[in-house]
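Protein sequence lines correspond, in order, to chains A and B.
My numbering puts the first residue of the first sequence at 14, with every later residue one more than the last.
My numbering puts the first residue of the second sequence at 14, with every later residue one more than the last.
Working notes, structure below.
2 protein chains.
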Amino acid sequence: MEQDELDLRKMLILKAVIDDYIETREPVGSRTIAKKYDMGLSSATIRNEMADLEELGYLSQPHTSAGRVPSDKGYRLYVDKLMNLEEKLGFEPTPEELEDVKSRMQHEIGEMSDQIRVASELVSRLTEYTSIAVTGAADGTRRIKALQVVPVEPGKALAVIVLDDDTVRNAVIQHDPAIVPEVLMKVSTQCNLLFAGHRVEEINLNMIDAVSEATGVSRAALMPVIDGLFECIKKAESTEVYTEGAAKFLSHPEFSDVGKARGILELLNRDDLMIDLIKECSTADGLVIRIGSENKIEGLNECSVVTASYSVNGVKLGTIGVLGPTRMDYPRVVAALEYVRRRLTGGRELPAGTVSIQKGMLNLEGEAGTEPGIDGAKADNVTGGAKDNAGVDADNLARTDKVRNEGLLRSRKQEEGQ
Amino acid sequence: MEQDELDLRKMLILKAVIDDYIETREPVGSRTIAKKYDMGLSSATIRNEMADLEELGYLSQPHTSAGRVPSDKGYRLYVDKLMNLEEKLGFEPTPEELEDVKSRMQHEIGEMSDQIRVASELVSRLTEYTSIAVTGAADGTRRIKALQVVPVEPGKALAVIVLDDDTVRNAVIQHDPAIVPEVLMKVSTQCNLLFAGHRVEEINLNMIDAVSEATGVSRAALMPVIDGLFECIKKAESTEVYTEGAAKFLSHPEFSDVGKARGILELLNRDDLMIDLIKECSTADGLVIRIGSENKIEGLNECSVVTASYSVNGVKLGTIGVLGPTRMDYPRVVAALEYVRRRLTGGRELPAGTVSIQKGMLNLEGEAGTEPGIDGAKADNVTGGAKDNAGVDADNLARTDKVRNEGLLRSRKQEEGQ
DNA sequence: TGTTAGCACTCAACCGCGAAGAGTGCTAAC
DNA sequence: GTTAGCACTCTTCGCGGTTGAGTGCTAACA
Chain A
14 MEQDELDLRK MLILKAVIDD YIETREPVGS RTIAKKYDMG LSSATIRNEM
64 ADLEELGYLS QPHTSAGRVP SDKGYRLYVD KLMNLEEKLG FEPTPEELED
114 VKSRMQHEIG EMSDQIRVAS ELVSRLTEYT SIAVTGAADG TRRIKALQVV
164 PVEPGKALAV IVLDDDTVRN AVIQHDPAIV PEVLMKVSTQ CNLLFAGHRV
214 EEINLNMIDA VSEATGVSRA ALMPVIDGLF ECIKKAESTE VYTEGAAKFL
264 SHPEFSDVGK ARGILELLNR DDLMIDLIKE CSTADGLVIR IGSENKIEGL
314 NECSVVTASY SVNGVKLGTI GVLGPTRMDY PRVVAALEYV RRRLTGGREL
364 PAGTVSIQKG MLNLEGEAGT EPGIDGAKAD NVTGGAKDNA GVDADNLART
414 DKVRNEGLLR SRKQEEGQ
Chain B
14 MEQDELDLRK MLILKAVIDD YIETREPVGS RTIAKKYDMG LSSATIRNEM
64 ADLEELGYLS QPHTSAGRVP SDKGYRLYVD KLMNLEEKLG FEPTPEELED
114 VKSRMQHEIG EMSDQIRVAS ELVSRLTEYT SIAVTGAADG TRRIKALQVV
164 PVEPGKALAV IVLDDDTVRN AVIQHDPAIV PEVLMKVSTQ CNLLFAGHRV
214 EEINLNMIDA VSEATGVSRA ALMPVIDGLF ECIKKAESTE VYTEGAAKFL
264 SHPEFSDVGK ARGILELLNR DDLMIDLIKE CSTADGLVIR IGSENKIEGL
314 NECSVVTASY SVNGVKLGTI GVLGPTRMDY PRVVAALEYV RRRLTGGREL
364 PAGTVSIQKG MLNLEGEAGT EPGIDGAKAD NVTGGAKDNA GVDADNLART
414 DKVRNEGLLR SRKQEEGQ
């Protein structure tokens, strides 16, 4: 595994290369590393290490006389173990942004999915990447809170249903015109009485017969109404996709080729593909990162996706994904998604400076009691099944690494300060 | 006016230049016109005419030794008088497309705005340009067809309203928890009884008092409910914007510059701007063309907009706009919007070959009795106030012109046939 | 044995130049 | 009024040389 393959120094160099590449988008050369990230090594030494890293598949060269560029494998290691999130977590949205988000996140009945959309907007603004929001739990666990049949005109009515997460949906019912509004209202009341508190699947013929009996409407005549209710549920469970900031793709130099950019934008409009893309990653609550060719959609090989699923009060709202070039600012994206998660999960404000991702290495097992729940879940997901790698060695390695990292960061800051 | 300014030959040459430029996107030179559109003139003569046309502002030169390119003024004249729609009207969507559109256009309650959106999709597919659909009449003329207040939980209810165009909207009501569901239902019934058939503005204190009296609920306690109903109306009248095929902008060579393309795409995402853009043009039923700098939005100076407003059964559905480069295929776009209009207006199928725009020159006053209503309205709008130009001279000129055009077209076809 | 200095080599990016080609405007002849 | 001819303009394209960043390799060094 990686631990055997890469010693500490190689990892530090890899990290430096990727950090620098993310920042500058230029292939990075040995001299740059030696100078900018002064690690007490000459460029020649670093050159040798970089050659090794290339041989191992973590780096590659655009052409012979160019610097190195991270490979997908390199990014993978980076997001799993190398990147440090501390630097990036300082950011906060502007007060206006927050106000806007807060006001729009007011829990508004019938507009549940708005929350995830607003969050998606925020994520896109914070990260400067395109974000995709996918709503819809489609898990059939929600219960009916209230329902009503509204007579519209003879033979035509509207079924309205409110679920326990306050989703509202309506559907048209074409019914036997012989059922007059008054009877329809009685049906409505009976249905409400009998169905409220149940999941839709639990509605059975007995219940329908009971309604039939109480209202004097035959079971057959009742069916359109029941169908209408089912239609509502179907609508409530349909998946919706919102894309925010698609134009931002054009800001990234890797898509300065119009043809490429167009390809991406066309994919972005394919709701079915986006649902696949996002849903595939959103098995659990937590962050999932798919790098370059790791995601299967043809045409997104030069893109990475970071997704986060959100639940509020146990109700799954949906998933937000950030789509950007493989060379994306992973720390920032992870931090932004995490920030929004905290906002969305609501209530529980963490003291300033405390964040749920706090360690430089994501797959460090929770050290002290710093929110182990979230940390644990995250580590699992971010590393995408890297549990097997997180042995004692890894732990040790990472800890040392972190110390070195901090030293490195400090010295860089001093440099910049002058 | 133009008639005095331009003789027939100049107009024919201008038409040829624009037709060719629309087709090839290359600045067109005198030799091209002379050869491709054989009009029995040498390139030198055409050169002189083109120099005149440039002096008059209908053409311009990118640089000294290049061909000519139409100016906005040139396009204006073209869409007003020169373009012939016959060639373009032959197209039909594929059977699958039609089936898809038809099935999705099924008048579905509560999803009224879907129709305009589906139509917009179709337009985008037919024209290969970006289309923008703006829904919402916001004219306050709709009447309440049915309404209902649905108790959800103590102190919380849902107002549902159905308007006479079958728009459905709902809104949350936070009311005095002292009002029990049974009373709420009575309020609902009373409101329905009293308000149905009225416009919202017509709801007055007398009516509210009547409800209060019939239900025993105080006027003050009733107000949240009324507010909820108003909220519904507000939602129903809110304008929605759908953009379809934004990526298509990137196919046009004039936007091969990524910066430019990004600017456009960002504008496309600005709903407020798009509403302004489309609504400004949609004063009447009919087509409106805005060319280049004619539309006021900064950044769309190199774009043209063609909009068409649609009503079904007297209810204004919304407006569809096509946004593309100034060098857009105007005949095709006009034809597509007109085609969709016929579909959307529904029912009345015209015999094959008969179309509501049938003349080569749009501002010809209706000749025989070929659907003068539609034609008349269209001419007014398309020419954007060109009525004053449509005198006897114009008529004469145009008629001759058309004959010449047909000859020209025929000979071109023969050429291509071999 | 690991590290470093030095050097030759590679290759993309840039620049300037000249040739090619399309198209014009002007003039003189028809 | 129309057209042929010609000189002129200006973009586009391809070519070759230069520059500079970065590499790999080798030999010396600690």
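Glycine included, every Cβ here is placed at the ideal spot set by N, Cα and C.
Three-state secondary structure assigned by DSSP to residue i
| i | result |
| --- | --- |
| residue 23 of chain B | helix |
| residue 237 of chain B | helix |
| residue 329 of chain A | strand |
| residue 92 of chain B | helix |
| residue 266 of chain A | helix |
| residue 83 of chain B | strand |
| residue 69 of chain A | coil |
| residue 183 of chain B | strand |
| residue 254 of chain B | strand |
| residue 436 of chain A | There is simply no residue 436 of chain A to check, as chain A begins at 14 and stops at 431 in what is shown. |
| residue 339 of chain A | coil |
| residue 144 of chain A | strand |
| residue 197 of chain B | helix |
| residue 301 of chain B | strand |
| residue 28 of chain A | helix |
| residue 334 of chain B | strand |
| residue 275 of chain B | helix |
| residue 78 of chain A | coil |
| residue 225 of chain A | helix |
Pick from the options that is closest to residue i, judged by C-alpha positions
| i | options | result |
| --- | --- | --- |
| residue 133 of chain B | B:205, B:172 and B:259 | B:259 |
| residue 51 of chain A | A:64, A:22 and A:69 | A:22 |
| residue 293 of chain B | B:45, B:332 and B:206 | B:332 |
| residue 310 of chain B | B:288, B:323 and B:80 | B:288 |
| residue 156 of chain A | A:250, A:278, A:344 and A:283 | A:250 |
| residue 214 of chain A | A:240, A:48 and A:225 | A:240 |
| residue 339 of chain B | B:64, B:145, B:48 and B:92 | B:92 |
| residue 90 of chain B | B:79, B:81 and B:72 | B:72 |
| residue 334 of chain B | B:234, B:62, B:282 and B:147 | B:147 |
| residue 35 of chain B | B:62, B:81, B:244 and B:57 | B:81 |
| residue 37 of chain B | B:355, B:342 and B:350 | B:342 |
| residue 264 of chain A | A:212, A:187 and A:140 | A:140 |
| residue 321 of chain B | B:347, B:245, B:196 and B:19 | B:347 |
| residue 247 of chain A | A:269, A:268, A:212 and A:256 | A:212 |
| residue 28 of chain A | A:57, A:54, A:275 and A:88 | A:88 |
Cβ shell of residue i (< 6 Å), same chain only, five flanking positions each side left out
| i | result |
| --- | --- |
| residue 33 of chain B | 41 |
| residue 143 of chain A | 258, 259, 261, 262 and 336 |
| residue 400 of chain A | Model confidence at residue 400 of chain A stands at a pLDDT of 32, short of 50, so the residue's coordinates are unreliable; what they give is reported in the following sentence. Within the same chain, residue 400 of chain A has no close Cβ partners at all. |
| residue 79 of chain A | 40 |
| residue 62 of chain A | 23 and 26 |
| residue 244 of chain B | 184 |
| residue 220 of chain A | 207 |
Counterpart residues of residue i in DSSP-defined beta bridges
| i | result |
| --- | --- |
| residue 164 of chain B | B:170 |
| residue 290 of chain A | Residue 290 of chain A is not bridged to any residue. |
| residue 159 of chain B | B:175 |
Own chain, CB closer than 8 Å to residue i, minus 5 neighbours either side, in chain order
| i | result |
| --- | --- |
| residue 122 of chain B | Residue placement at residue 122 of chain B is flagged as unreliable, the pLDDT there being 46, under the threshold of 50; a coordinate-derived value is accordingly withheld. |
| residue 198 of chain A | 162 and 164 |
| residue 205 of chain B | 159, 160 and 161 |
| residue 120 of chain A | Confidence at residue 120 of chain A is low in this model, with a pLDDT of 46, below 50, so its placement is unreliable and the value that follows should be read with caution. Same-chain partners within the cutoff: 128 and 179. |
| residue 137 of chain A | 143, 144, 257, 258, 261 and 335 |
Proximal residues to residue i (C-beta, below 7 Å), its chain only, five neighbours per side dropped
| i | result |
| --- | --- |
| residue 367 of chain B | For residue 367 of chain B, the predicted model reports a pLDDT of 32, less than 50, meaning its position is unreliable; a value from the coordinates is still stated below. Within the same chain, residue 367 of chain B has no close Cβ partners at all. |
| residue 354 of chain A | 321 and 323 |
| residue 271 of chain B | none |
task: Pull out every residue of the segment 228-249 of chain A whose Cβ sits closer than 8 Å to any Cβ of chain B, in chain order.
output: none
| message | By the 7 Å beta-carbon criterion, what residues does the segment 264-277 of chain B contribute toward chain A? | response | 264, 269, 271, 274 and 275
_Residues of the segment 171-200 of chain B in Cβ contact with chain A at a cutoff of 7 Å, in chain order, please._
171, 173, 175, 181, 183 and 185
When you check each C-beta in the segment 152-169 of chain A against every C-beta of chain B, which residues fall closer than 9 Å? 158, 159, 160, 161, 162, 163, 164, 165, 166 and 169
Q | Selection of the segment 40-67 of chain A by Cβ proximity to chain B, strictly under 7 Å | A | none
*Determine which residues of the segment 342-353 of chain A have a Cβ less than 9 Å from any Cβ of chain B, and write them out in chain order.*
none
Under 7 Å, CB to CB, which of the residues in the segment 277-310 of chain B have a partner in chain A? 278, 279 and 282
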